[in-house]
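Some notes on the structure that comes next.
This is the structure:
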């Protein structure tokens with residue numbers, strides 16, 4: 413930079429040109445509200461039910477129960493989040509997790525294999541299913557939406573074949589001992605879910621690969637032109653998704669000691685809702701780990717609260733369904749409102765500039 | 017809704033249309049645009065646009081890229097609302113949709129490739145029916161009548177995908193006419209056609225004129241204008257600067273009124289005199305460009321200049337691994353390299369700033385910092401340090417005068433010019449040997465443009481980087497390039513020192529006119 417004086421002058425000039433600060437406190441409140449709104453909502457729900465039905469809701473036993481029940485949903489939500497980060501869908505997560513659940517119980521009950529095989533093999537299989545999904549998407553160029561809807565259906569079929577449509581139960585103690593183990597007073601599946609969350613935070617927010625995933629999700633072509641190996645990253649998200657839901661499904665089976673083929677369909681929607689709700693908070697507009705955690709628990713506590721108040725059972729399906737739609741609507745509204753505000757500010761600064769030049773001319 | 021398509025193939029238009037030389041008619045203008053202004057975000061696309069198109073004439077709408085032609089067309093089509101001014105098409109105010117009786121043919125034509133010509137034509141209007149069901153034979157016959165009327169020899173039963181691009185353009189026009197329109201707006205219909213095909217399309221337009229249909233023709237080709245148009249309107253920086261009849265205009269005059277660029281004196285004292293070659297391309301051939309030789313020296317800015325169909329972008333894409341290379345070699349710093357993909361090109365020391373910022377350059381929902389470090393140059397296990405990144409980003413943005421210097425602001429909240437600065441700054445970190453710039457200042461306001469030019473000059477000298485500039489803005493090329501390769505129809509025709517010519521001559525060379 414040869415001419416510093418010209419430069420600083422140009423900077424000042426340019427700063428004036430793009431000065432879009434509107435100084436409104438309202439905008440800041442909206443921003444913070446958008447960022448932590450879901451967390452506030454979660455707290456509000458907890459307070460509401462605690463006051464409403466203190467004896468049943470506001471009890472450690474209830475919290476602990478919800479935490480452990482939600483472990484599997486959390487794992488599936490974390491899994492599905494990875495492809496979502498790069499703008500891909502994986503609808504096979506529910507079926508894949510159910511598959512791991514069935515194999516974990518089935519390998520011990522039907523095959524009588526040792527515990528370590530029943531723990532590890534289902535996870536390996538789930539990961540391979542994720543890899544297969546990824547390969548279908550990047551090599552055969554099938555829309556992930558369609559590809560995983562297909563594989564989800566096929567997986568359901570295969571698990572029905574394996575179980576012969578029978579419920580599996582009675583896993584040996586060698587398995588359930590692991591699934592029901594406690595660490596620091598929390599059930600193992602919950603602890604694993606929290607560890608997964610921590611690992612994902614590191615990968616997605618602090619390692620280069622997370623940045624690359626954000627870039628792919630933000631603009632795939634720009635990412636490719638920046639030298640990012642997009643196909644390999646997309647494949648990795650599907651594989652990671654398979655791994656996580658595999659661990660989740662396996663632990664679920666080990667915890668219950670039982671399995672049936674219909675589990676998958678009950679996992680899919682709460683997990684997706686949680687991930688989408690999560691994308692409206694903490695890092696609005698992006699799928700993120702802490703947001704997903706909040707989203708899943710918000711839904712869980714709403715449902716458990718309503719159950720205890722005594723609403724009928726169908727509410728359990730209605731709430732996540734409607735919440736999913738509302739969450740996505742809210743986040744797209746927030747994005748649009750923000751864009752509109754910026755456009756206004758830009759037009760205002762342009763008019764200001766026009767006025768400036770007219771003044772100068774006069 | 018007027019369905020008078022079964023007209024005998026005479027020159028007389030249907031019903032109300034007046035015979036051929038009805039140009040003096042002024043009862044209702046086909047298009048009347050007065051004082052139109054349109055602002056997109058931070059850029060003023062149209063400042064004071066004026067346009068009057070008489071019925072039964074072919075009117076050329078000219079101007080350099082970014083002059084506001086496409087914005088004006090979008091407004092005429094009712095796709096955008098003007099911020100000020102008034103717009104009448106065929107006597108009615110445009111509101112939300114195209115005025116009845118007008119048809120817009122965009123560059124991508126909007127045909128359905130897997131359907132037949134007759135079906136395409138009927139889809140825009142209505143199918144012939146019998147007992148309420150589509151009557152295949154009658155539909156084909158109706159299409160045939162329209163095609164005959166325009167003197168086209170296209171089989172209405174053939175699939176659109178099987179036709180040449182010229183015939184597809186003809187079908188698009190026929191479809192518009194099929195519904196009895198009084199105004200056709202064509203956006204660069206001839207950009208990818210050869211001379212023979214262009215003649216065919218222009219003949220069709222001439223026959224429309226005889227039927228009293230008005231045509232607004234957007235084109236970059238001098239011959240289209242001089243041989244076919246009755247009058248022209250020239251836009252420059254969003255304002256109408258020239259409105260005049262074509263009669264008696266010379267090619268040189270046309271070029272001058274389009275470019276309107278007075279040659280500026282540029283400081284080239286810093287230019288290296290004995291530049292070592294950093295990029296050497298020999299016989300580079302792609303599917304659409306002929307063997308190309310070019311060199312770029314250290315600290316030198318070399319431009320590839322040409323019209324939309326000249327192939328300049330294809331060559332640039334091939335160098336960055338985005339276009340298959342049929343033959344030829346590429347050397348960077350004297351070593352032969354293979355650029356089969358962007359990754360490999362980058363490994364070879366070639367970087368490329370894409371032409372379409374929004375589509376290929378930025379992730380709008382990420383912050384400027386994240387855009388700058390989209391692909392962090394770190395081992396995979398090394399955590400990103402946001403503090404370090406923020407510092408580097410602030411430095412880069414300072415160097416490129418990107419404002420506000422707030423690396424954590426979302427990319428979408430920066431103005432176009434500042435976004436472009438970030439997109440260019442992104443490559444700084446990768447320390448390339450050759451930087452390819454595709455339309456680096458398209459849609460960028462004038463002062464940001466000047467910033468970018470000055471920074472690039474300093475950058476390539478300071479780091480000994482060679483810059484290959486691909487731009488359809490000829491004024492920009494004259495301003496910043498040291499040497500210029502002029503391409504026409506996929507081939508380098510001329511190689512000039514920019515000190516030896518001005519924008520007007522460059523336009524002439526690109527068009528292939530001798531002045």
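Chains as they are written, first to last, in our numbering: chain U, 413 to 774; chain E, 17 to 531. Glycine residues also receive a C-beta, built at the ideal position from the N, C-alpha and C atoms.
The C-beta of residue 700/U comes no closer than 9 Å to any C-beta of chain E. Look at residue 630/U: its C-beta is under 9 Å from a C-beta on chain E. A contact between stretches requires three or more CB pairs, one per stretch, nearer than 8 Å, and the segment 379-393 of chain E meets this requirement with the segment 633-651 of chain U. Around residue 157/E, the same chain offers 144 as residues with beta carbons nearer than 8 Å, after the five sequence neighbours per side are excluded. Per DSSP, the continuous beta strand (DSSP E) segment holding residue 296/E begins and ends at 293-301.
DSSP places residue 682/U in the uninterrupted alpha helix (DSSP H) bounded by 675-690. When DSSP reads this structure, residue 501/E sits in a beta bridge with 320/E, 511/E.
Contacts with chain U at 9 Å (Cβ-Cβ) do not include residue 406/E. Residue 459/U sits exposed, since fewer than 16 C-beta atoms from the chains shown fall within 10 Å of its C-beta. The Cβ of residue 639/U sits closer than 9 Å to at least one Cβ of chain E. Residue 570/U and residue 561/U have their C-alpha atoms spaced approximately 14 Å apart. Within its own chain, the residues whose Cβ lies closer than 6 Å to the Cβ of residue 590/U, once the five positions on either side in sequence are excluded, are 666, listed in chain order.
Beyond the five residues adjoining it in sequence on each side, residue 197/E comes within less than 7 Å, by CB distance, of 117, 118, 119, 229 in the same chain, given in chain order. Interface residue (Cβ-Cβ distance to chain U less than 9 Å): residue 198/E is not classified as such. Looking at the DSSP output, residue 120/E shares a beta bridge with 201/E. If you check each beta-carbon in the segment 595-622 of chain U against every beta-carbon of chain E, the ones closer than 9 Å belong to 614, 617, 618, 619, 620, 621, 622. Judged by pairs of C-beta atoms under 8 Å, the segment 514-532 of chain U does not touch the segment 705-722 of chain U, as fewer than three such pairs exist. Fewer than three Cβ pairs drawn from the segment 429-443 of chain E and the segment 609-626 of chain U lie within less than 8 Å of each other, which leaves the two stretches out of contact. By the Cβ neighbour-count rule, residue 578/U is exposed, with fewer than 16 other Cβ atoms within 10 Å of its own. For residue 261/E, the secondary structure class from DSSP, reduced to helix, strand or coil, is strand. The distance from the Cβ of residue 500/E to that of residue 319/E is about 5 Å, consistent with a contact at the 8 Å cut-off.
By the neighbour-count criterion, in which 16 or more other beta carbons inside 10 Å mark a residue as buried, residue 184/E falls on the buried side.
Spatial neighbours of residue 507/U in its own chain (CB-CB distance under 6 Å, excluding positions within 5 residues in sequence) are listed in chain order as 564, 567, 568, 676. Interface with chain E (9 Å Cβ-Cβ cutoff): residue 624/U is included. Taken in chain order, the unbroken stretches of beta strand (DSSP E) that lie wholly in the segment 110-184 of chain E and span 3 residues or more are 118-121.
Counting only runs that start and end inside the segment 392-424 of chain E, the alpha helix (DSSP H) elements of at least 4 residues fall at 402-415. Between residue 660/U and residue 488/U, the gap from beta carbon to beta carbon is short of 9 Å.
DSSP, read as helix, strand or coil, puts residue 77/E in strand. Note on residue 155/E: 16 or more other CB atoms within 10 angstroms of its CB, so buried under the neighbour-count rule. Here residue 482/E carries a strand assignment [DSSP, helix/strand/coil]. Rounded to whole angstroms, the Cβ separation of residue 612/U and residue 490/U is 6 Å, and the two are in contact under 8 Å.
For the pair of segments examined, the segment 432-452 of chain E was found to touch the segment 365-375 of chain E: the number of CB pairs separated by less than 8 Å reaches three. Not one beta carbon of chain E lies nearer than 9 Å to the beta carbon of residue 500/U.
The contact set of residue 636/U on chain E, defined by CB atoms closer than 7 Å, consists of 358 in chain order. Taken in chain order, the unbroken stretches of alpha helix (DSSP H) that lie wholly in the segment 334-379 of chain E and span 4 residues or more are 358-363. Using a Cβ-Cβ cut-off of 9 Å, residue 396/E is close to 619, 620, 621 of chain U, given in chain order.
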